[in-house]
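**Student:**
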Amino acid sequence: ADLVVRLVGSATQSYDLTVNFNHIYDDSMLELPTGAPIVDTYLRGDIHENGVVNIADAMMAAQYLAGNRALGELNAVNFACVRHDTGGDHMSISDAMFIAQYLAALRDAHYNIP
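What follows is the structure, given as structure tokens:
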């Protein structure tokens with residue numbers, strides 16, 4: 002199963018996502034232990050996960066896109082959900098630009114032009 006997360010919140014309020022599995026089966030249909038619920042906290046635009054959206058997030062996004070940072074060094078969900086792309090969210094230079102525009106007060110906390 003795949004779980005696809007799309008954040009619709011703002012750059013100023015974080016959100017917790019709790020995933021709890023009732024049943025998990027392997028390829029042979031044998032039930033596996035479910036374990037404890039998984040809780041992740043997300044904040045749209047907080048790419049380096051320090052709890053705020055700042056210029057370092059836009060820089061980290063650009064560095065990743067230029068091949069200078071590994072995906073594991075950033076929060077891909079917080080990155081991809083800045084700009085809501087048609088056909089699903091993708092990480093692009095537009096996300097970095099939207100963060101910079103938000104910080105310059107050219108976009109609101111939902112990354113919309115006011």
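Plus 1 on top of the position in the sequence shown (first one is 1) and you've got my numbering. Backbone N, C-alpha and C fix where the C-beta goes; we use that ideal spot for every residue, glycine too. Bear in mind that the values here come from a model prediction, so they are computed numbers and not experimental data.
1. In the DSSP assignment, find the alpha helix (DSSP H) that holds I94 and state where it starts and stops.
2. In terms of residue numbering, what span does the beta strand (DSSP E) encompassing V9 cover?
3. Kindly provide the ranges of any beta strand (DSSP E) runs that are 3 or more residues long and lie completely inside the segment 32-72, ordered along the chain.
4. Taking a contact to mean a Cβ-Cβ separation below 8 Å, would you say V40 touches D47 in this structure?
5. Can you tell me the Cα-Cα spacing of N51 and L33, whole angstroms?
6. Give the single residue among D28, R45, Y26 and L31 whose Cα lies nearest to the Cα of Y103.
7. Taking only three categories from DSSP, how would you classify V83?
8. For my contact list, A97 and A59 are in at a C-beta cut-off of 8 Å; report their separation, rounded to the angstrom.
9. Under 8 Å Cβ to Cβ from H24, same chain only, skipping five residues before and after it: list those, please.
**Tutor:** Taking the definition as stated:
1. Per DSSP, the unbroken alpha helix (DSSP H) holding I94 starts and ends at I94 to L104.
2. Where V9 is concerned, there is no enclosing beta strand (DSSP E), given that its DSSP letter is neither H nor E.
3. Secondary structure within the segment 32-72: the beta strand (DSSP E) runs of 3 or more consecutive residues, fully enclosed, are 39-43 (chain order).
4. Remark: C-beta atoms of V40 and D47 do not approach each other more closely than 8 Å.
5. Answer to the nearest angstrom: the Cα atoms are 35 Å apart.
6. Comparing Cα positions, the closest option is R45.
7. In the structure shown, V83 sits in coil (DSSP, three-state: anything other than H, G, I, E or B).
8. About 5 Å; that satisfies the 8 Å criterion.
9. Closer than 8 Å at the Cβ level, and outside the excluded window around H24, lie E32 and T35.
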